[in-house]
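Using the numbering used here, read the sequence shown as starting at 10 and increasing by one per residue. A short write-up of the structure that comes next.
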Amino acid sequence: MPGGEPLSTILDASGAPAGRRLFGLSNQQLAATLLEFSLAPYRLRQLEITLYRQRVESLDEVTTWPKELRDRVAAAGFQVGMPRIVETFRSVDGTERYLIAGDDRQTVETVWMPEGDDSPQDDEDRPNEPGAWSRATICVSSQIGCAVNCQFCLTARLGIIRNLSAGEIAGQVAAVLNRHKAEPGRDRINLVFMGMGEPFLNFDAFMAAVRLLVEQVGIPESRMTVSTSGIVPGILRFAQEPVRPRLAISLNAPNNTVREAVMPITRKWDIAEVIEAVRKVPLRPRERITFEYVLLGGVNDQGEHADEVVKLIRRANFPAKVNLIAWNPGPDVPFTMPRPEDVAVFQQRLREQGIPAFVRRPRGRDIYAACGQLKQTGGLLEIRKPA
Ligand code: SF4
Numbered sequence: 010m011p012g013g014e015p016l017s018t019i020l021d022a023s024g025a026p027a028g029r030r031l032f033g034l035s036n037q038q039l040a041a042t043l044l045e046f047s048l049a050p051y052r053l054r055q056l057e058i059t060l061y062r063q064r065v066e067s068l069d070e071v072t073t074w075p076k077e078l079r080d081r082v083a084a085a086g087f088q089v090g091m092p093r094i095v096e097t098f099r100s101v102d103g104t105e106r107y108l109i110a111g112d113d114r115q116t117v118e119t120v121w122m123p124e125g126d127d128s129p130q131d132d133e134d135r136p137n138e139p140g141a142w143s144r145a146t147i148c149v150s151s152q153i154g155c156a157v158n159c160q161f162c163l164t165a166r167l168g169i170i171r172n173l174s175a176g177e178i179a180g181q182v183a184a185v186l187n188r189h190k191a192e193p194g195r196d197r198i199n200l201v202f203m204g205m206g207e208p209f210l211n212f213d214a215f216m217a218a219v220r221l222l223v224e225q226v227g228i229p230e231s232r233m234t235v236s237t238s239g240i241v242p243g244i245l246r247f248a249q250e251p252v253r254p255r256l257a258i259s260l261n262a263p264n265n266t267v268r269e270a271v272m273p274i275t276r277k278w279d280i281a282e283v284i285e286a287v288r289k290v291p292l293r294p295r296e297r298i299t300f301e302y303v304l305l306g307g308v309n310d311q312g313e314h315a316d317e318v319v320k321l322i323r324r325a326n327f328p329a330k331v332n333l334i335a336w337n338p339g340p341d342v343p344f345t346m347p348r349p350e351d352v353a354v355f356q357q358r359l360r361e362q363g364i365p366a367f368v369r370r371p372r373g374r375d376i377y378a379a380c381g382q383l384k385q386t387g388g389l390l391e392i393r394k395p396a
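Pasting the structure below:
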């Protein structure tokens, strides 16, 4: 497991331990962590509602608790510990990219896409009022950096720095919902776990975050999609989960030879092994597996490649669709964007042969928020000495 254990102690701006995080703990974990306070079950429930439904930032705001109890818990070193947005980049298309501070001084990247990203989940055509949004997608990170080393991806340049905890993963969503005053249940929020990192190499924390987001924050699992580069043991574990997002496989090549060149992880688990593992995932009614396919100019974007993808999906023989993503340029990444006419032909070849294929509209390219562009801009937060 790359990256080691996530940190559980929150550091203050000087790097010193500042408190123990409550945000991110499940009901049982909260009960065990706060055992010394002998809290009645209804007090724990009040805390959960305040942490996850109201998403407060300080224990003082747990107003359903008597002040004396809030003070005692705070005096013992506990705090909410909701991740904070420390920097925002706004694109001309309304997309926002955030640097969010985790438990230590490292930052992680999260993206807000109002009106979604044209993925098939976003199938309603609602009017777009100026300055308003009717639905949105949040792209969530699962690790700081990534060990998978996809050749077209900027995040890969970081290597793996560390895993995120469940609180840091779910906390990205909470922080972004608060910023936009969005309410799951009232507002239509989709989550895609496609930010920095490979979720299935941080499986336990990722799934714990999913459970919190479904059961506590109130976002249905049918509105979530996780994308994996094809970590077979992770897919097999995922298949056993009772509560799980939809599954996307980051395919990006028509055969093992091309895939090895762009995704070296293929040497560990080839396309056939990945597809065999996916077959074990029990699909819900009308659910389809998504194949994500980043089109790289002249590498994997020709008509004959599309024909190979069709054969591959027919052999897989499960309900599937393809999301095509024109590669987003990044500094020093040795690929070129596909020509628009090649993207169109690729999509057409898939559709003509009965494979649903969608071209994803690039979002936030100008602020490095688009797919494969997330790279911890800003790096470590600057430590400022008190004046
Ligand atoms: S595309 Fe995803 S899995 Fe591949 S290196 Fe980038 S972040 Fe990691």
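C-beta: ideal position from N, C-alpha, C; glycine also.
Test item: CB-CB of L333 and Q356 under 9 angstroms: yes
Beta-carbon contacts of P365 that lie in its chain and below 6 angstroms, excluding the five residues immediately before and after: K330
Residue range of the alpha helix (DSSP H) that includes T266: 265-271
DSSP state of M346 mapped onto helix, strand, coil: coil
From F300, V65, F327, residue whose alpha carbon lies closest to that of T237: F300
Which listed residue (M91, G86, P347, F87) has its alpha carbon closest to that of Q63: M91
Start and end residues, beta strand (DSSP E) containing Q55: It is not in any beta strand (DSSP E) - Q55 instead sits in the alpha helix (DSSP H) that spans 50-57.
Selected residue, minimal CA-CA separation from G243, among E118, L304, F87, F215: F215
Integer-rounded CB distance, given that R81 should sit under 8 angstroms from F46: 7 angstroms
Exposed unless 16 or more other CB atoms sit within 10 angstroms - verdict on E313: exposed
Separation of A315 from D69, as counted between CA atoms: 57 angstroms
Residue span of the beta strand (DSSP E) that contains T116, given as start and end: 116-123
Close beta carbons around T266, own chain, < 8 angstroms, minus the five adjacent residues each side: none
The stretch 279-293 / the stretch 162-177 touching (three or more Cβ pairs under 8 angstroms): no
Proximity of R144 and N199 at Cβ, strictly below 9 angstroms: yes
Beta-carbon spacing of T234, P254 below 9 angstroms: yes
Distance, E177 Cα to R106 Cα: 16 angstroms
Per DSSP, the bridge partner or partners of C148: V120, V201
Cβ pair A262, V271 closer than 9 angstroms: yes
The ligand SF4 heavy atom lying under 8 angstroms from the CB of C159: yes
Three-way DSSP call (helix, strand, coil) for S231 in this model: helix
Best match in A83, K190, V303 for proximity to P347 [C-alpha to C-alpha]: V303
Cross-strand partners of P2 (DSSP beta bridge): Not covered by the structure: residue 2. The range shown for the chain is 10 to 396.
Close Cβ partners of C159 (< 7 angstroms) along its chain, the five nearest in sequence each way excluded: A165, S238, V271, M272
Beta-carbon contacts of E133 that lie in its chain and below 6 angstroms, excluding the five residues immediately before and after: Low per-residue confidence applies at E133: pLDDT is 37, beneath 50, and the placement is therefore not dependable, though the value from the model is reported in the following sentence. Taken in chain order, the list of residues that qualify is empty.
Of the residues E118, A85, A218, the one placed nearest F98, counting alpha carbons only: E118
Residue(s) in a DSSP beta bridge with Y107: T97, T119
Q225 to R52 span [Cα, whole Å]: 15 angstroms
Supposed close pair Q181, V157 - CB separation, criterion 8 angstroms: Actually they do not touch by this definition, with Cβ atoms about 20 angstroms apart.
Helix, strand or coil at G154 [DSSP, three-state]: strand
Any non-hydrogen atom of the ligand SF4 closer than 8 angstroms to A165 Cβ: yes
Check: E207 C-beta below 8 angstroms from any heavy atom of the ligand SF4: yes
beta-carbon C162 near the ligand SF4 non-hydrogen atom, thresh 8 angstroms: yes
Delimiting residues of the alpha helix (DSSP H) encompassing N172: No alpha helix (DSSP H) contains N172, which is instead part of the beta strand (DSSP E) from 169-172.
Own chain residues within Cβ distance below 7 angstroms of P289, not counting five before or after: Here residue 289 turns out to be Lys, not Pro, going by the sequence shown. Closer than 7 angstroms at the Cβ level, and outside the excluded window around K289, lie L245, A248.
Heavy atom of the ligand SF4 within 8 angstroms of C148 beta-carbon: no
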